[in-house]
Each structure stands twice: as structure tokens, then as C-alpha cells.
Amino acid sequence: MGKTTVNGGEASHAVVDTALLECRGLNVGYGKLTVARDISFTLGPGKVLTILGPNGAGKTTLLMTLAGFLPPCAGSIALNGKQVRGSSPRRMNQAGMILVPDFRALFTELTPIQNLKLAAPRGADIDPVLELFPALSRREKLRTGDLSGGEQQMLAIARALVQSPKLLLIDEMSMGLAPIAVESLMPVIRQVADERGASVIMVEQHVQLALEVADEAMVLVHGSIVLSGPAEQYRHDTSAVESAYMSGSVSSA
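Just so you know, we're using the numbering used here here: the sequence shown kicks off at 241 and counts up by one.
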């Protein structure tokens with residue numbers, strides 16, 4: 241059986257039969273500019289990984305690379321044991337890797353239901369997803385552009401979920417939202433992993449809220465993994481995370 245690892249270090253706390261996602265020696269960036277380097281980790285089915293770190297650390301670039309929008313500069317990406325390095329966004333989407341970008345990319349002139357039906361495969365039932373976000377059903381006749389920021393973020397996640405992702409990539413879910421809105425969304429991420437078996441990689445600035453729902457945590461600083469381990473280890477004592485932000489010193493659980 242494979243074990244969850246980060247940067248090549250074995251983490252005995254999380255043993256999985258098969259890694260859903262495996263990254264090895266991954267360098268990401270834009271052309272000749274490398275933004276993050278030597279990113280290595282595995283993620284099992286139904287697990288939530290939160291990627292933390294200051295602005296400019298390479299978090300969004302990593303998600304964009306995983307989703308196929310940017311080619312890797314070096315290294316490998318395997319999904320369900322199959323190498324997918326350099327695949328197009330469409331192929332990554334078809335393989336079950338769905339990105340929720342920080343700008344949401346919604347059709348603001350359409351209603352929430354129309355947005356969901358456009359994203360759903362032909363004949364798919366959107367009702368189970370609406371049950372996760374009852375507020376959207378109450379706004380079904382409004383233009384999406386008239387929804388609150390929290391409701392738009394609900395819709396962005398719901399639109400990803402109607403595509404039945406194997407791996408959900410969420411970039412800065414809390415951006416521009418009030419803390420109370422973030423608190424209402426975080427439990428849904430845990431529910432998606434536990435009940436639907438989808439894995440989630442979540443880039444987040446609300447450290448404590450992210451740690452509450454995550455299985456694993458990773459801190460990126462200046463493009464390198466400087467801290468990694470089980471989220472539970474940092475949940476009640478975030479001092480190690482805070483030190484990693486400040487010092488950039490490498491540590492692994």
C-alpha cells in the first residue's frame with residue numbers, strides 16, 4: 241500500500257491503498273520563470289489538502305498547473321496512476337480534475353440554475369448539489385450577478401460539483417467574503433470529501449478555518465514547501481504555521 245508523502249518524506253499517519261494524485265519533483269511557473277520548485281506529495285481519495293502561504297508563494301500557479309492551464313517546467317503529475325503532465329485543461333477536466341478559480345468565472349447574466357445546467361453533463365441531476373447549498377434554490381430566479389459574494393462562491397463550487405469531480409481544486413475560496421460566509425462554506429468542503437469521496441486541494445488564507453476541515457496541510461513560502469503534515473497537528477497550535485510563514489525554514493511532520 242502507498243503512503244502519503246510530502247517532499248519524499250514518509251508520513252505514516254495517512255495510509256492509502258492508491259494515491260489519487262501524485263506529484264514528484266514538480267516545478268511550476270511561466271515559461272522560463274520558475275515560481276515554485278520541487279513540489280512532491282501524494283493525495284488519497286476523499287482527502288482534503290490545504291495549501292497555505294503568503295501572497296506570491298506559488299500557490300495559484302501550482303493549482304493552474306495541476307488543472308492543465310500551465311505546462312509544468314519539470315517533474316511529473318499522475319492521476320490515478322496515469323501520467324497527465326502537460327495535459328490540456330479539457331483533458332484534465334474530463335479526467336475528473338475540476339478547478340474553482342478565485343475569480344469564479346460565472347455567467348452573471350444567467351440564473352444560478354442556468355449556470356448549473358450549463359456545467360452539468362447531459363441528463364445529470366443537479367438537485368443533490370442544490371441540497372448542499374439551499375440558499376441557491378431560494379435565489380433561483382435572480383441573475384447570478386445580483387447574488388451576494390458568498391452566494392456566488394456557493395454557485396462556483398456547486399458548478400464544479402455537478403461535474404462529479406474526483407479532485408476538486410479551490411483557489412482562495414474566502415477571497416472578498418466575510419468570515420461568517422467562509423465559516424458556512426468550509427463544512428461543505430469536508431462533506432464533499434466524506435460523502436462523495438472527492439479529494440480536495442484548497443488554497444486558503446483563513447488558516448484556522450482551513451485547518452479545521454483539512455486532513456493535510458502544506459505551507460509554501462518563496463516557491464518551496466517549508467512545512468507539511470497532518471492538519472490536526474497544527475489545528476490547536478498554529479505556532480509552527482506562523483513560524484513557517486515568517487522564517488521560511490523547512491519542517492516536515
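Quick reminder that beta carbons are idealized off the backbone N, C-alpha and C, glycines included.
Backbone CA spacing between Q448 and I429 [nearest angstrom]: Taking C-alpha positions only, Q448 is separated from I429 by approximately 15 Å.
Runs of alpha helix (DSSP H) lying entirely within the stretch 395-444, each at least 4 residues, in chain order: If we require 4 residues or more, the alpha helix (DSSP H) runs fully inside the stretch 395-444 come out as 419-436.
Whole runs of the alpha helix (DSSP H) within the stretch 245-331, excluding any shorter than 4 residues: Fully enclosed alpha helix (DSSP H) runs of 4 or longer: 299-306.
Close beta carbons around T290, own chain, < 6 Å, minus the five adjacent residues each side: Cβ neighbours of T290 beyond the five flanking positions: M442, E444, A450, A454, A457.
contact_flag[the stretch 365-382, the stretch 410-421] where n(CB pairs < 8 Å) is 3 or more: Three or more beta-carbon pairs separated by less than 8 Å are not found between the stretch 365-382 and the stretch 410-421, which leaves the two stretches without contact.
DSSP bridge partner residues for G469 (one or two, in chain order): According to DSSP, which records beta bridges pairwise, G469 is partnered with A457.
Beta-carbon separation (whole angstroms), A400 vs V340, contact threshold 8 Å: Contact between A400 and V340 holds: their C-beta atoms lie close to 5 Å from each other, under 8 Å.
Helix, strand or coil at I353 [DSSP, three-state]: Three-state DSSP puts I353 in a helix.
For L339, the first and last residue of its enclosing beta strand (DSSP E): Note, L339: beta strand (DSSP E), 337-340.
Residue nearest to R344 in terms of C-alpha spacing, selected from Q392, S483, L425, A480: When only C-alpha atoms are compared, the closest one is Q392.
Local Cβ density within 10 Å of I397, reported as buried at 16 or more and exposed below that: Buried, by the Cβ-count rule.
Delimiting residues of the alpha helix (DSSP H) encompassing L387: For L387, there is no enclosing alpha helix (DSSP H), as DSSP gives it neither H nor E.
Integer Cβ distance of N320 from L260, believed to fall under 8 Å: Correct: roughly 6 Å between the Cβ atoms.
Own chain residues within Cβ distance below 6 Å of V324, not counting five before or after: These residues qualify, in order along the chain: I317.
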